[in-house]
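Undergrad: One structure is given below, represented as structure tokens, and several questions about it will come after.
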Amino acid sequence: MTVSLSPDLVAGFPFPFPEDRYRYSTNVEPAGEPVVTAGGGWGAAVVDIDSEYHHELAERAAVLAADPTRHAVLPHMAPAAWDAMLTLMRALSAAYPDTMHLTSTGTDTWHWRNDLLDVEQTFRYGDSTTLPEEPLRYIASQVQEDIALLDQRCDTLFVDAGVITFAADWSFGFDVGMSFLEIHGPVPRVRKMGVITRAHEFLKRLQPHKPYRRTNWTMTIGRRLDVSTEGYPEWGPDREMIGHVDDAEFGRLVHLRVEVQHLIRLPDSGALMFLIRTYMLPLEQLATVEAWRLRAAEVFDELPSDMADYKGVIKYKQRAAQWLRAAASVPDVPALGMPIWPTTPPAVDTTGAAFLVVGIGEDAQTGHVSRLWVGATEAAGPTRLLVLDSLSEETDLAVLLDALDDARTGTRILVTGGQYDVMMALALAREAGATDAELSAFVTHTRDLPMYCAHCRDTFRVEAAPGSVVECPGCVRILEIHAHHSAVRGSFLASAAEVGSERS
């Protein structure tokens, strides 16, 4: 069995290698600009919520409960913690206005609501009695990013506060109070190359409201976010174990682990905030994107031994390169009559005269893909975004039909959502005159489908798959859904099941 990952985790993966070799560098760039990759894209906001949101927050809570040293705020950093919390709330509400809400209610008083967690809080800025817990820990329980706060004094940066639960082989509890230069002392080559000194000088010059970002990477065994130094007895033996598994298990277990680090000068306290968001993708999923497979193989193969040793991958980095080279992508051939859905969101055809992006349903992946597309289309031409609940609803159907009626030749129509909604939307677009070259789609799930009953000659939404036996909602016959679909109708054919068939 392959690792089961939501499509957004591949599409939004921040592949870190711009060339076929890797060396330490500051590699900083202004934050907030979307990055288009061979698998999709990332980077439109400084905070990122994906389909792992609830799982990762639960894992953070478990780590903090087991090891309180992962959270520390030195006394002089209390104002910075409040500054960080409010800055992150503003970033969340700007990036996710449908689910994150921050409202000023008076002088220094605010109301915060997080619909994803059903959290609601009114607080006075700086008054610890108005929050259920310390402000940095409070906001860390609502973002997937780790948070470190650096104080700048005597022309030096010191890591004096943070919530770090997903460290990659370092100890936040040990490092609290140390300078930036001291913390990076063990990293090979960086002092000789001057990378850390240049980074330190760059960070000291950061200005409020001008965030930057960079990426860092390593490899880990399994989907273990917490690989801190404290937990080495639990995860360290995996580095030996991985040398004794077969190739299929190797591809499932070895993950490329990428950190997107956002560097933000806080506006009120002047402290520096490091946001560290961790993404992981197993080699077997990495290999489904051909450009990633080829480049990662080159990087792993060429990586110098001292750097591989520091990253903890020296025992298996060569095998990883060989595994990727041997994993040339062979696309699955679908059964005849079945639609072919892409595994990653299609890239935007920027030659379009205009763009209509349609996101249907409440699935988090639908929102992610819609934002990804809109980030690309707005830079290319006039863009209209429709956010609909379901094409089973007459009002939503009418809104889509009006938008299709307004579209003109050359408009690119991009649709994402569940299989039923996507198939119906594409059929309606074709009926309105759109050509296949003007249509793109990404299906976030195949739990449902549009079924055309050959007997009552109507189309229905059913939760089933081709081959299933269901009861028709119209004529109440027992039907078998065939692996035969019509792009024109936007539905699968179903007909009376043979006597003796059982419902799935």
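Mapping to the working numbering: the sequence shown position 504 is 489, numbers consecutive. We treat Cβ as the ideally placed atom computed from N, Cα and C, and that holds for glycine. The structure displayed is predicted, hence computed values, not measured ones.
Which first and last residues belong to the alpha helix (DSSP H) in which Leu509 is found?
TA: No statement about residue 509 is possible, as the shown extent of the chain runs from -14 to 489 and does not include it.
Undergrad: Per DSSP, what are the beta-bridge partners of Gln246 in this structure?
TA: Mapped onto the sequence shown, residue 246 falls at position 261. In DSSP, Gln246 forms a bridge with Arg199 and Ile261.
Undergrad: Quick check: what's the CA-CA separation for Ala414 versus Leu389?
TA: By one-based count along the sequence shown, residue 414 stands at place 429. By one-based count along the sequence shown, residue 389 stands at place 404. Distance between the alpha carbons of Ala414 and Leu389 is about 6 Å.
Undergrad: Return the chain-ordered ranges of every alpha helix (DSSP H) run that is complete within the region 144 to 170 and spans a minimum of 4 residues.
TA: List check, alpha helix (DSSP H) in window: 157 to 160 and 165 to 168.
Undergrad: Return the first residue and the last residue of the beta strand (DSSP E) that Asp136 is part of.
TA: Counted from its first residue, the sequence shown places residue 136 at position 151. Unbroken beta strand (DSSP E) run through Asp136: Asp131 to Arg138.
Undergrad: Sort out for me which residues DSSP pairs Leu87 with in a bridge.
TA: Residue numbering aside, residue 87 sits at position 102 when the sequence shown is read from its first letter. DSSP output for Leu87 lists Trp97 as bridge partner(s).
Undergrad: Starting from Asp68, follow the alpha helix (DSSP H) in both directions and report where the run begins and ends.
TA: In the sequence shown, residue 68 corresponds to position 83, counting from 1. That run of the alpha helix (DSSP H) goes Ala63 to Ala80.
Undergrad: Excluding five sequence neighbours on each side, which residues of the same chain lie with their C-beta closer than 6 Å to the C-beta of Phe445?
TA: In the sequence shown, the residue the question calls residue 445 occupies position 460. So the qualifying residues of the chain are Met436 and Pro458.
Undergrad: Can you give the Cα-Cα distance for Ile149 and Pro289, rounded to whole angstroms?
TA: Indexing the sequence shown from 1 puts residue 149 at position 164. Indexing the sequence shown from 1 puts residue 289 at position 304. Roughly 29 Å between the two C-alpha positions.
Undergrad: Taking its Cβ as the centre, do 16 or more other Cβ atoms sit within 10 Å of Met70, making it buried, or is it exposed?
TA: As a position in the sequence shown, residue 70 is number 85, starting the count at 1. With 16 or more Cβ atoms within 10 Å of its Cβ, Met70 is classed as buried.
Undergrad: So, using beta-carbon positions, are Ala419 and Ile398 closer together than 7 Å?
TA: Here residue 419 refers to the residue found at position 434 of the sequence shown. Here residue 398 refers to the residue found at position 413 of the sequence shown. Contact: yes.
Undergrad: Asp433 and Val454 look like a contact to me (Cβ under 8 Å); what is the Cβ gap, rounded to whole Å?
TA: Residue numbering aside, residue 433 sits at position 448 when the sequence shown is read from its first letter. Residue numbering aside, residue 454 sits at position 469 when the sequence shown is read from its first letter. Incorrect: roughly 16 Å between the Cβ atoms, too far for contact.
Undergrad: Under 8 Å, with one C-beta from each stretch per pair, do the region 222 to 234 and the region 300 to 307 reach the 3-pair mark?
TA: A contact exists between the region 222 to 234 and the region 300 to 307.
Undergrad: Give the range of the beta strand (DSSP E) segment to which Tyr437 is assigned.
TA: The sequence position of residue 437 within the sequence shown is 452, counting from 1. Leu434 to Cys438 is the span of the beta strand (DSSP E), which, as asked, contains Tyr437.
Undergrad: Does the count of Cβ pairs from the region 349 to 369 and the region 10 to 25 closer than 8 Å reach three?
TA: Yes, the region 349 to 369 touches the region 10 to 25.
Undergrad: Taking its Cβ as the centre, do 16 or more other Cβ atoms sit within 10 Å of Phe159, making it buried, or is it exposed?
TA: Locating residue 159 in the sequence shown gives position 174, counting from the first residue. Phe159 comes out exposed.
Undergrad: Buried or exposed for Gln127, going by 16 or more other Cβ atoms inside 10 Å?
TA: In the sequence shown, counting from the first residue as 1, residue 127 sits at position 142. Gln127 is buried by the Cβ-count criterion.
Undergrad: Measure the Cβ-Cβ separation of Asn201 and Glu244 and say whether it is below 7 Å.
TA: Mapped onto the sequence shown, residue 201 falls at position 216. Mapped onto the sequence shown, residue 244 falls at position 259. Yes; because the gap between Cβ atoms is below 7 Å, this pair is in contact.
Undergrad: Under 7 Å, do Phe235 and Trp155 count as touching if we go by C-beta distance?
TA: Counting from one through the sequence shown, the residue named residue 235 turns up at place 250. Counting from one through the sequence shown, the residue named residue 155 turns up at place 170. Not in contact: Phe235 and Trp155 (Cβ atoms no closer than 7 Å).
Undergrad: Look at Ala23 and Val284 and say whether their C-beta atoms are less than 7 Å apart.
TA: As a first step, residue 23 must be located in the sequence shown, where it is residue number 38. As a first step, residue 284 must be located in the sequence shown, where it is residue number 299. No; because the gap between Cβ atoms is not below 7 Å, this pair is not in contact.
Undergrad: Looking at the strands, I want to know which residues DSSP matches up with Phe477.
TA: Translated into positions along the sequence shown, residue 477 becomes position 492. For Phe477, which the question treats as bridged, DSSP gives the partners Met436 and His470.
Undergrad: Based on the DSSP output, what are the partners of Asp444 in its beta bridges?
TA: In the sequence shown, the residue the question calls residue 444 occupies position 459. Reading off the sequence, residue 444 comes out as Thr, not Asp. Partner(s): Tyr437.
Undergrad: For the alpha helix (DSSP H) that Glu41 lies in, which residues bound it at each end?
TA: For the purposes of this step, residue 41 is taken as residue 56 along the sequence shown, with counting starting at 1. Its alpha helix (DSSP H) spans residues Tyr38 to Ala51.
Undergrad: Tell me whether Gly344 sits in a helix, a strand or coil according to DSSP, three-state version.
TA: Here residue 344 refers to the residue found at position 359 when the sequence shown is read from its first residue. Looking at Gly344 - three-state DSSP - the assignment turns out to be strand.
Undergrad: When DSSP labels each residue in this structure, what does Thr205 get in the three-state scheme?
TA: The residue you call residue 205 lines up with position 220 of the sequence shown. Three-state DSSP puts Thr205 in a strand.
Undergrad: How would you write the range of the beta strand (DSSP E) that Thr368 sits in, first residue to last?
TA: Numbered from 1 along the sequence shown, position 383 holds the residue referred to as residue 368. Thr368 -> beta strand (DSSP E) spans Thr368 to Leu373.
Undergrad: Taking all protein chains shown into account, do 16 or more other C-beta atoms lie within 10 angstroms of the C-beta of Tyr405, making it buried, or fewer, making it exposed?
TA: On the sequence shown, residue 405 is found 420 positions in, with the first residue counted as 1. Buried, by the Cβ-count rule.
Undergrad: Expressed to the nearest angstrom, what Euclidean distance is found between the alpha-carbon atoms of Leu373 and Gly395?
TA: Indexing the sequence shown from 1 puts residue 373 at position 388. Indexing the sequence shown from 1 puts residue 395 at position 410. Answer to the nearest angstrom: the Cα atoms are 23 Å apart.
Undergrad: Let me make sure I understand the geometry here. Which of Ala184, Arg208 and Leu478 has the alpha-carbon closest to that of Tyr9?
TA: As a working mapping, residue 9 is identified with position 24 in the sequence shown. Here the closest residue by C-alpha is Ala184.
Undergrad: Contact defined as beta carbons within less than 8 Å: I believe Asp100 pairs with Thr115. What is the distance between those atoms, to the nearest angstrom?
TA: Locating residue 100 in the sequence shown gives position 115, counting from the first residue. Locating residue 115 in the sequence shown gives position 130, counting from the first residue. Their Cβ separation, rounded to whole angstroms, is 21 Å, which puts Asp100 and Thr115 out of contact at 8 Å.
Undergrad: Measuring alpha carbon to alpha carbon, tell me which of Ile206, Ala66 and His169 ends up nearest Ala256.
TA: The residue you call residue 256 lines up with position 271 of the sequence shown. Among Ile206, Ala66 and His169, the Cα nearest to that of Ala256 belongs to Ala66.
Undergrad: Just curious, the alpha helix (DSSP H) that Val359 is in, first and last residue?
TA: In the sequence shown, counting from the first residue as 1, residue 359 sits at position 374. That run of the alpha helix (DSSP H) goes Ala349 to Thr362.
Undergrad: For Glu118, which of helix, strand or coil comes out of DSSP?
TA: Sequence index remark: in the sequence shown, residue 118 carries index 133 (1-based). If DSSP states are grouped into helix, strand and coil, Glu118 belongs with coil.
Undergrad: Measuring straight from C-alpha to C-alpha, what distance separates Val318 and Ile124?
TA: In the sequence shown, counting from the first residue as 1, residue 318 sits at position 333. In the sequence shown, counting from the first residue as 1, residue 124 sits at position 139. Its pLDDT being 44, under 50, Val318 is placed unreliably by the model, and the measurement read from it follows with that caveat. About 46 Å.
Undergrad: Please name the residue in Val384, Ala306, Pro324 and Val161 whose C-alpha comes closest to that of Arg280.
TA: Here residue 280 refers to the residue found at position 295 when the sequence shown is read from its first residue. Residue Ala306 is the option with its Cα nearest to Arg280.
Undergrad: What residue does the alpha helix (DSSP H) around Gln192 start on, and which one ends it?
TA: As a position in the sequence shown, residue 192 is number 207, starting the count at 1. Counting along the chain, Gln192 falls outside any alpha helix (DSSP H), and DSSP gives it neither H nor E.
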